[in-house]
Each structure stands twice: as C-alpha cells, then as structure tokens.
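**Student:** Structure below; questions to follow.
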Amino acid sequence: MKKLLVLMLGLMIGFSASAQSLPNVKVEAQDGSTFSTSELVDGTPMIISFWMTTCKPCIAELNTINDYLYEWLEEVDMKVVAVSVDDSRTLTRARGMAQGQGWDDFVCLYDKNQDFKRAMNVTSTPWVFVVDGEGNIVYSHSGYTPGSEQELFEKIKQL
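Each residue of the sequence shown is one higher than the last, beginning at 1 in this note's numbering.
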C-alpha cells in the first residue's frame with residue numbers, strides 16, 4: 001500500500017510539474033530595462049535558476065553550469081536564465097556579481113519585488129527549473145549538491 005501511495009504521489013507531482021507553464025511577469029533585465037518573462041519562450045529549452053547574492057550554493061550551481069555551458073551547447077540548443085531574487089537594496093550587488101562571475105552567456109534577470117519568484121512557487125534558493133521550448137515546466141528541484149547540474153542537462157537533452 002505504501003508503494004502505491006508513493007507511486008501515486010510521484011505521478012501527481014510529475015503531472016503538476018509538466019502541466020504548469022511559465023507565468024508572464026515583469027522583471028528587470030541586466031541593463032535595467034523592463035523584461036516580460038513571456039519573452040523567454042522562443043522555442044528554445046532553458047534552465048531557469050533562482051538565486052541570491054548571499055546564497056553560496058546558488059553561486060556554486062550557476063558557476064558550475066557556466067563551466068559546462070559551452071560543452072552542453074555543442075550537444076543541444078538551450079539557454080540559461082539566472083533570476084536574482086535580491087531586493088532593491090542589494091540589486092546593484094546582484095548585477096555586479098553576475099558580471100563578475102562571468103555569466104555573460106546567461107540571460108540575467110532581476111526580480112527585486114519577487115513577483116516571478118511567487119508566481120513560480122519558489123520558497124527557497126537555489127531553485128531550478130527546466131522549461132521546454134513552449135514554456136512548459138518539465139522539471140524542478142531546490143537545493144544544490146555537486147553533480148546535480150548533470151541531471152539538469154539530461155532533462156534538457158530529453159527535450
């Protein structure tokens with residue numbers, strides 16, 4: 001009976017993750033302009049990572065993804081979206097950190113009011129989503145352990 005409940009719960013979680021699509025929320029782009037998250041949906045699968053300047057696992061995960069990005073791009077067309085959830089007091093620090101870490105190939109967005117974070121039901125950082133080219137969320141997880149970035153890449157390759 002316990003196995004059946006675990007299986008049913010797993011199916012429900014899998015269904016709800018695949019049934020959810022990317023919400024349309026206004027955030028800031030790296031240059032300070034307003035950016036609509038619906039603009040992310042362009043047929044290209046993506047990894048969306050919610051991070052904060054004070055979250056060491058967030059920085060470690062994004063740096064590791066950055067280290068592998070060129071290798072991954074040789075196999076699949078994809079993009080990485082790094083969404084800072086730092087508030088307006090630390091926004092300048094977040095922008096500087098994104099530039100200083102060399103995340104030049106990421107789409108860096110700033111959710112200073114945390115509207116996107118709330119719309120995606122993110123409760124902690126790091127929190128990462130894999131989204132298909134049509135904007136459907138196909139996978140998510142919170143936290144980071146070294147090596148978990150490979151799971152993200154495997155999910156992208158399946159798309």
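Yeah, the Cβ is synthetic: ideal placement off N, Cα and C, and Gly gets one too.
All values reported here derive from a predicted model rather than from experimental measurement.
Would you mind listing the beta strand (DSSP E) stretches within the stretch 18 to 82 that are 3+ residues and don't spill past its ends, in chain order?
**Tutor:** The stretch 18 to 82 contains these whole beta strand (DSSP E) runs: 26 to 29, 34 to 36, 46 to 51.
**Student:** Which residues bound the alpha helix (DSSP H) around residue 116?
**Tutor:** Position 116 of the sequence shown, counting from 1, holds the residue named residue 116. From DSSP, the alpha helix (DSSP H) with residue 116 extends over 115 to 119.
**Student:** Which same chain residues end up closer than 7 Å to residue 75 when comparing Cβ atoms and leaving out the 5 residues on each side of it in sequence?
**Tutor:** Taking the sequence shown and counting its residues from 1, the one referred to as residue 75 is at position 75. 157, listed in sequence order.
**Student:** Use the C-beta contact count for residue 39: other C-beta atoms within 10 angstroms, 16 or more gives buried, fewer gives exposed.
**Tutor:** Counted from its first residue, the sequence shown places residue 39 at position 39. Exposed, because fewer than 16 other Cβ atoms sit within 10 Å of the Cβ of residue 39.
**Student:** What's the C-alpha gap between residue 96 and residue 103?
**Tutor:** Here residue 96 refers to the residue found at position 96 of the sequence shown. Here residue 103 refers to the residue found at position 103 of the sequence shown. Answer to the nearest angstrom: the Cα atoms are 11 Å apart.
**Student:** Please check the pair residue 88 and residue 51, which I expect to be a contact at CB under 8 Å, by giving their CB distance rounded to whole angstroms.
**Tutor:** Here the question's residue 88 lines up with position 88 in the sequence shown. Here the question's residue 51 lines up with position 51 in the sequence shown. The pair is not a contact, with the Cβ atoms about 16 Å apart (cut-off 8 Å).
**Student:** How would you call residue 73, buried or exposed, if buried means at least 16 neighbouring beta carbons within 10 angstroms?
**Tutor:** Locating residue 73 in the sequence shown gives position 73, counting from the first residue. Answer is exposed; the Cβ neighbour count stays below 16.
**Student:** Is the number of C-beta pairs between the stretch 113 to 133 and the stretch 41 to 57 that are closer than 8 Å three or more?
**Tutor:** In short, these stretches touch, since the Cβ pair count reaches three.
**Student:** Kindly list the residues whose CB is nearer than 6 Å to the CB of residue 133, restricted to its own chain and excluding five residues on each side of it in sequence; keep chain order.
**Tutor:** Position 133 of the sequence shown, counted from the start, is the residue given in the question as residue 133. 43, 44, 45.
**Student:** Tell me the DSSP secondary structure of residue 144 in three-state form.
**Tutor:** If you number the sequence shown from 1, residue 144 lands on position 144. Coil.
**Student:** Per DSSP, what kind of secondary structure is residue 159 in: helix, strand or coil?
**Tutor:** Taking the first residue of the sequence shown as 1, we reach residue 159 at position 159. Coil.
**Student:** Quick check: the Cα distance between residue 147 and residue 24, rounded to an integer number of angstroms?
**Tutor:** In the sequence shown, residue 147 corresponds to position 147, counting from 1. In the sequence shown, residue 24 corresponds to position 24, counting from 1. In a straight line, the C-alpha of residue 147 is about 31 Å away from that of residue 24.
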